[in-house]
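Comments concern the structure below.
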Amino acid sequence: MPTEIAFLAIAEAQQIYHWLPAALELARRPDVSVTILSPSPVLLDLVAHYDPTGTLKMEHLRRPFFGADTLFRQPSRLATLLLNAQRLSHFPLLVTTEISSAALRFVPGFRSRLILIKHGAGDREGGYKARHSAFDLTLVAGEKDRRRMIERGLCPPEAVAVGGYAKFELSAPPQRFFSDDRPVLLYNPHFDPRLSSWVRHGPAVMRALETLQGWNVIVAPHTKLAGRVAPIETTAPHIRVDMGSRHSIDMSYTMSADAYLGDVSSQVYEFLLQPRPCLFLNLDRRDWRNDEAFAHWRLGQVLERVEDLPEALTRAPDLQPGFVAAQKAAMHDSIDQCAIPASVRQADLILAFMQGKA
41 MPTEIAFLAI
51 AEAQQIYHWL
61 PAALELARRP
71 DVSVTILSPS
81 PVLLDLVAHY
91 DPTGTLKMEH
101 LRRPFFGADT
111 LFRQPSRLAT
121 LLLNAQRLSH
131 FPLLVTTEIS
141 SAALRFVPGF
151 RSRLILIKHG
161 AGDREGGYKA
171 RHSAFDLTLV
181 AGEKDRRRMI
191 ERGLCPPEAV
201 AVGGYAKFEL
211 SAPPQRFFSD
221 DRPVLLYNPH
231 FDPRLSSWVR
241 HGPAVMRALE
251 TLQGWNVIVA
261 PHTKLAGRVA
271 PIETTAPHIR
281 VDMGSRHSID
291 MSYTMSADAY
301 LGDVSSQVYE
311 FLLQPRPCLF
321 LNLDRRDWRN
331 DEAFAHWRLG
341 QVLERVEDLP
351 EALTRAPDLQ
361 PGFVAAQKAA
371 MHDSIDQCAI
381 PASVRQADLI
391 LAFMQGKA
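Right under this line is the structure:
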């Protein structure tokens, strides 16, 4: 009998990129059967795009009566889990990137083992929640997350392992999004209303970007922010706004931009796959220097006034050499990269866990 493993696709599309490489790798292994479970034809179509040879089994879960079906809007995860709990329990092992699946632990008779591939590699404290403790094994991108998960009592050391960042294996290549050769600034605000530079200061930020000289700008907020605020609009010809598309989640923008402007999004670590200038907006003037939730703000200039953006961009090339060592060290701690692809490492860890060796 083949080893049966199921991957849950019940979250928005951006999370698929964090587990799909491992699912594809496992499906290529002998005597392993991998099923993708989702209530969404849209998400299953996205998965199939990366699986042209059909190595993965696709299964439609029962869908709640309410909730949209788009890349960035899905029905309630909890409702989906409860509606399909009996079917999910058929699989001895479920792999997911979202912590809502911890609710399955409270379903009578549910005995499947759960593996979490923690998506993202950021510093925000919101990435560490009590529900993480419900998983039998958690795979993280780097030593930073492993250390923090253990320190917070969310995982015993034997239940959390470093598997790398498999999303890099599906990253889009650098692309041209503008007709001229001006450098490109990526503005990537986060969705957390307490921390986002857009929620409180959006109009001021947009005015600064619209009057920016010598740069093209991509405004690509976190897709959760795009779903919670009014559409960001501008007539400025040097600004491209993306409120949610494949480009906004497949690293098209982080691979193509020359400089990064943000607040607390973990996408800064995707941008720093190649060291480049980073700028961070501290428009609420937080005391951040000794707060590990803002550790990435040490990797570039921190601006307390959006009016300082033009001058900061002018200084960025000269200042960047002084940030390169810190950027590389932060990347090494946040995302463990080695010659073995993350998908292979994650697949090995999952199979070892199933065989009782993890």
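The numbering used here numbers the first residue of the sequence shown as 41 and each following residue consecutively.
For each residue, glycine too, the CB sits at the ideal point set by N, CA and C.
**Request:** Please say whether Ser-116 and Pro-229 have beta carbons closer to each other than 9 Å?
**Result:** Within the sequence shown, the letter at position 189 stands for residue 229. Within the sequence shown, the letter at position 76 stands for residue 116. No; because the gap between Cβ atoms is not below 9 Å, this pair is not in contact.
**Reduced DSSP category for Leu-313 - H, G, I as helix; E, B as strand; rest coil** = Numbered from 1 along the sequence shown, position 273 holds the residue referred to as residue 313. Leu-313: coil per DSSP, three-state reduction.
**Message:** Quick check on DSSP: helix, strand or coil for Gln-126?
**Reply:** Your numbering for residue 126 matches position 86 in the sequence shown. Reduced to three states, the DSSP call for Gln-126 is helix.
**Asked** Between Glu-138 and Gln-55, which are expected to be in contact by the criterion C-beta below 8 Å, what is the C-beta distance as a whole number of angstroms?
**Response** For the purposes of this step, residue 138 is taken as residue 98 along the sequence shown, with counting starting at 1. For the purposes of this step, residue 55 is taken as residue 15 along the sequence shown, with counting starting at 1. At roughly 6 Å, the Cβ-Cβ gap stays under 8 Å, so Glu-138 and Gln-55 are in contact.
**Request:** For the region 202-209 and the region 236-246, state whether three or more C-beta atom pairs, one from each stretch, are separated by less than 8 Å.
**Result:** No, the region 202-209 does not touch the region 236-246.
**Message:** For Gln-399 and Gly-302, what's the separation of their Cα atoms in angstroms?
**Reply:** Only positions 41 to 398 of the chain appear in this structure, which leaves residue 399 out of reach.
**Request:** Round the Cβ separation of Phe-131 and Glu-44 to the nearest angstrom and send it over; I've been treating them as touching at under 8 Å.
**Result:** Here the question's residue 131 lines up with position 91 in the sequence shown. Here the question's residue 44 lines up with position 4 in the sequence shown. Sure, about 6 Å apart at Cβ, within 8 Å.
**Message:** Quick check on Gly-149: does DSSP put it in helix, strand or coil?
**Reply:** As a working mapping, residue 149 is identified with position 109 in the sequence shown. Looking at Gly-149 - three-state DSSP - the assignment turns out to be coil, as it is neither helix nor strand.
**Message:** Alpha carbons only, please: which of Phe-393, Val-346 and Trp-59 is nearest the one belonging to His-241?
**Reply:** Taking the sequence shown and counting its residues from 1, the one referred to as residue 241 is at position 201. By alpha-carbon distance to His-241, the top candidate from Phe-393, Val-346 and Trp-59 is Val-346.
**Request:** For Gln-468, count neighbouring Cβ atoms within 10 angstroms of its own Cβ and tell me buried if that reaches 16, exposed if not.
**Result:** A query on residue 468 cannot be resolved here, the shown segment of the chain reaching from 41 to 398 and no further.
**Request:** Pick out the complete alpha helix (DSSP H) segments inside the region 49-121, 4 residues or longer, and give them in chain order.
**Result:** 56-67 and 81-89
**Prompt:** Near Ile-50, what residues of its chain come up, given a Cβ to Cβ distance below 6 Å and the 5 sequence neighbours on each side ignored?
**Reply:** If you number the sequence shown from 1, residue 50 lands on position 10. The residues are Arg-117 and Thr-120.
**Prompt:** Taking just the CA atoms, how far does Arg-188 sit from His-100?
**Reply:** Position 60 of the sequence shown holds residue 100. Position 148 of the sequence shown holds residue 188. Roughly 36 Å between the two C-alpha positions.
**Request:** Out of Asp-298, Glu-273 and Gly-182, point me to the one whose CA is closest to Thr-354's CA.
**Result:** Position 314 of the sequence shown holds residue 354. Cα-wise, what sits closest to Thr-354 is Asp-298.
**Message:** By alpha-carbon positions, which one of Glu-52, Gly-193 and Pro-261 ends up nearest to Phe-112?
**Reply:** Numbered from 1 along the sequence shown, position 72 holds the residue referred to as residue 112. Measuring from the Cα of Phe-112, the nearest candidate turns out to be Glu-52.
**Item:** Delimiting residues of the alpha helix (DSSP H) encompassing Ala-369
**Value:** Translated into the one-based positions of the sequence shown, residue 369 becomes position 329. DSSP places Ala-369 in the uninterrupted alpha helix (DSSP H) bounded by 349-374.
**Asked** In the structure shown, what three-state DSSP assignment does Phe-131 receive?
**Response** Locating residue 131 in the sequence shown gives position 91, where the first residue counts as 1. Three-state result, Phe-131: coil.
**Message:** With H, G and I counted as helix, E and B as strand and the rest as coil, what does DSSP make of Leu-319?
**Reply:** Counting from 1 along the sequence shown, the entry for residue 319 is found at position 279. Leu-319 falls in the strand class under three-state DSSP.
**Prompt:** Is it buried or exposed for Ser-219, if we count other Cβ within 10 angstroms and need 16 for buried?
**Reply:** For the purposes of this step, residue 219 is taken as residue 179 along the sequence shown, with counting starting at 1. The residue is exposed, with fewer than 16 neighbouring Cβ atoms inside 10 Å.
**Request:** Compare the C-alpha of Thr-75 against each of Ala-67, Val-82 and Pro-81 and name the closest.
**Result:** Numbered from 1 along the sequence shown, position 35 holds the residue referred to as residue 75. Minimum Cα distance to Thr-75 is reached at Ala-67.
**Prompt:** DSSP three-state call for Ala-335: helix, strand or coil?
**Reply:** If you number the sequence shown from 1, residue 335 lands on position 295. If DSSP states are grouped into helix, strand and coil, Ala-335 belongs with the helices.
**Request:** Spell out the partners DSSP gives Tyr-205 in its beta bridges.
**Result:** Taking the sequence shown and counting its residues from 1, the one referred to as residue 205 is at position 165. Tyr-205 is not bridged to any residue.
**Request:** Please state if the CB of Arg-316 and the CB of Gln-377 are separated by a distance shorter than 9 Å.
**Result:** Position 337 of the sequence shown holds residue 377. Position 276 of the sequence shown holds residue 316. No, these two residues do not count as a Cβ contact at 9 Å.
**Asked** Where Ala-108 and Ala-125 are concerned, what is the direct C-alpha to C-alpha distance, given to the nearest angstrom?
**Response** Along the sequence shown, read from residue 1 onward, the residue named residue 108 stands at position 68. Along the sequence shown, read from residue 1 onward, the residue named residue 125 stands at position 85. Cα to Cα, the separation comes out at about 21 Å.
**Prompt:** How far does the beta strand (DSSP E) with Leu-343 in it reach, from first residue to last?
**Reply:** Mapped onto the sequence shown, residue 343 falls at position 303. Where Leu-343 is concerned, the enclosing beta strand (DSSP E) stretches over 341-343.
**Prompt:** Tell me which same chain residues have a C-beta within less than 6 Å of the C-beta of Val-147, skipping the five on either side of it?
**Reply:** Within the sequence shown, numbered from 1, the residue matching residue 147 stands at position 107. So the qualifying residues of the chain are Ala-125.
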